[in-house]
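Count the sequence shown with full-length UniProt numbering and you get residues 1 to 300, in order.
Idealized CB from N, CA, C, for every residue including glycine.
Before any comments, here is the structure.
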Amino acid sequence: MKRSRLPLHAFRAFEAAAQFKSLTLAADELGVTHAAISHHIRGLEDQLGVVLFDRTTRPMKLTDAGDRLLEAVQTGFDRISGAIAEFRGQEFEGNLVIVSVPGLGANWLAELIGEFILMFPRVKIRMMTSPWHQPSPIEHPDITISYGSAEQAGRRVTLLGQSDFFPVCSPRLSIAHQKNVRPKDLLEYTIIHEHNTDTWTRWFISCGVAIPSLMRGIYFDGAHLTIQAARAGAGIAMGDMLTVGTDLREGRLVRLTNQTVPMAHPYYVTTPPIERLKPAAKAFEAFILEHYRKFELGQG
């Protein structure tokens, strides 16, 4: 399996279930639902083509394949935890240049950078954003968080993850207070698009809604602008928990339905080759991968 496709969130769920010999206890340990743990483990078994647990016994037991995988997973996570502990014990200094797609850079990533600076106050971070379809504004950034194609010549690529989109709007709109919102109800409002209608078209099709030939809407060149417009009450936008999670918790946006559609492409982290990677960049990469893994587990 390619390293960029390793399902780290599923490995963590598997490790917890193996440790506690119970999906319920594993869910309690990780602060997620029983269904989330089950979903991750089933997905992992499907991806690997093996059965990891003997579910006919109580407590459940690992199969031979599960034993082998557990040893590998624990070794890998021990190395990651050790590296993070080592980084936290160091005093890095110097400049760290990060380029991100605007949707993440203006929301989830901006919050994480604040936490990282508290850990490493002598690191000076320069944060830049660049739309996924345009070249990076700087030739050799220390860290790039991109969307779409993972191919970048001469750079090391790690899969960050792929989340799901759902419709959100400002509480100022009347639909925000409507009970049992149906997907077709959204067509009565202004639809806010990023670049084109692709994401909304996929979402409506997945909900079984016939799309009018002329969908009323506003088009913005970036997810961060669509979210700002939604906050301002301009219409209904697509968001995911990375880009709108804080807005939902603080009441600036309202999620309208439970129907979701997956992102068309995943997020990737790219860096220079390991031998040219700054210690601070290595620490930041480990930091965001760990936080994204926790995020995915929490989403179930």
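Identify the residues that DSSP records as bridge partners of residue i: which are they?
i: R255; result: V168
i: L242; result: Per DSSP, none; premise fails for L242.
i: A237; result: V168
i: K61; result: D54
i: G103; result: BP columns for G103 are empty, so no partner.
i: T270; result: T144 and V157
Taking residue i as the reference, which of the options has the closest Cα?
i: I138; options: G114, M128 and L248; result: M128
i: E194; options: A229, S174, D185 and E275; result: A229
i: I218; options: G235, L289, V97 and Y292; result: G235
i: L70; options: L8, G161 and E15; result: E15
i: A10; options: S170, G222, T243 and Q74; result: Q74
i: L289; options: Y268, L277 and K278; result: Y268
i: H265; options: S163, H177 and I175; result: S163
i: G222; options: I211, N196, A232 and S206; result: N196
i: V32; options: R276, A17 and D46; result: A17
i: V168; options: A232, L52 and H291; result: A232
i: A72; options: A35, L8 and F116; result: L8
i: P131; options: P279, G103, A36 and L187; result: G103
Excluding sequence positions up to five away, which residues of its chain have a Cβ less than 6 Å from the Cβ of residue i?
i: V50; result: A65
i: D28; result: none
i: H40; result: A10 and A13
If we ignore side chains and look at the alpha-carbon of each, how far apart do residue i and residue j end up?
i: N258; j: P183; result: 10 Å
i: R293; j: Q19; result: 18 Å
i: L23; j: M215; result: 45 Å
i: V254; j: T63; result: 44 Å
i: residue 340; j: R252; result: Beyond the ends of the chain as shown, which are 1 and 300, falls residue 340; an answer cannot be given.
i: G208; j: G239; result: 20 Å
i: T243; j: W108; result: 6 Å
i: S4; j: K282; result: Only weak support is given to the placement of S4: the predicted model assigns it a pLDDT of 45, under 50, and the value that follows is read from those uncertain coordinates. Looking at the two C-alpha atoms, the distance is approximately 16 Å.
i: V101; j: R42; result: 32 Å
i: residue 312; j: I192; result: The structure shown does not extend to residue 312, since the chain spans only 1 to 300, so no value can be given for it.
i: A110; j: D247; result: 14 Å
i: R55; j: S38; result: 12 Å
i: K61; j: A26; result: 14 Å
i: P272; j: F295; result: 25 Å
i: G161; j: S213; result: 33 Å
i: T226; j: F220; result: 6 Å
i: I205; j: D185; result: 14 Å
i: T57; j: R68; result: 19 Å
i: E275; j: K179; result: 56 Å
i: F116; j: F284; result: 7 Å
i: H177; j: E188; result: 15 Å
i: L277; j: L48; result: 31 Å
i: H224; j: L44; result: 33 Å
i: A210; j: L159; result: 34 Å
i: G114; j: F120; result: 10 Å
i: D46; j: L52; result: 10 Å
i: S170; j: L118; result: 32 Å
i: L30; j: T201; result: 35 Å
Might you give, ordered along the chain, the residues of its own chain that have their beta carbon closer than 7 Å to the beta carbon of residue i, omitting 5 neighbours on each side?
i: T270; result: T144, S146, Q152, R155, R156 and V157
i: N95; result: K124 and R126
i: G105; result: M127 and T129
i: P59; result: K21 and S22
i: V181; result: I175, L256 and T257
i: H291; result: L112
Only counting the same chain, and skipping five residues up and downstream in sequence, which positions put a Cβ closer than 8 Å to that of residue i?
i: P141; result: V97, I98, V99 and M128
i: T190; result: R216, G217, I218, A234, G235 and I236
i: residue 305; result: Since the first residue of the chain shown is 1 and the last is 300, residue 305 is not available in this structure.
i: F165; result: T199, W203, M238, G239, D240, T260, V261, P262 and M263
i: R172; result: G233
i: H34; result: L23, T24 and A27
Just curious, the beta strand (DSSP E) that residue i is in, first and last residue?
i: S146; result: I143 to Y147
i: H193; result: I191 to E194
i: L159; result: R156 to G161
i: I218; result: G217 to F220
i: I125; result: V123 to T129
Starting from residue i, trace the alpha helix (DSSP H) both ways and give me its first and last residue.
i: H224; result: A223 to R231
i: S100; result: Not the alpha helix (DSSP H): S100 falls in the beta strand (DSSP E), residues G94 to S100.
i: F116; result: W108 to M119
i: A264; result: Taken as a continuous stretch (DSSP letters only), A264 belongs to no alpha helix (DSSP H), as it is neither H nor E.
i: D46; result: H34 to L48
i: Q19; result: L8 to F20
i: T199; result: D198 to S206
i: D28; result: L23 to L30
Does at least one heavy atom of the ligand MN sit under 7 Å from the Cβ of residue i?
i: Q74; result: In terms of ligand content, the structure shown is empty, and the ligand MN therefore cannot be addressed.
Any beta carbon of chain B sitting closer than 8 Å to that of residue i?
i: Y292; result: This model lacks chain B altogether; it includes just one protein chain.
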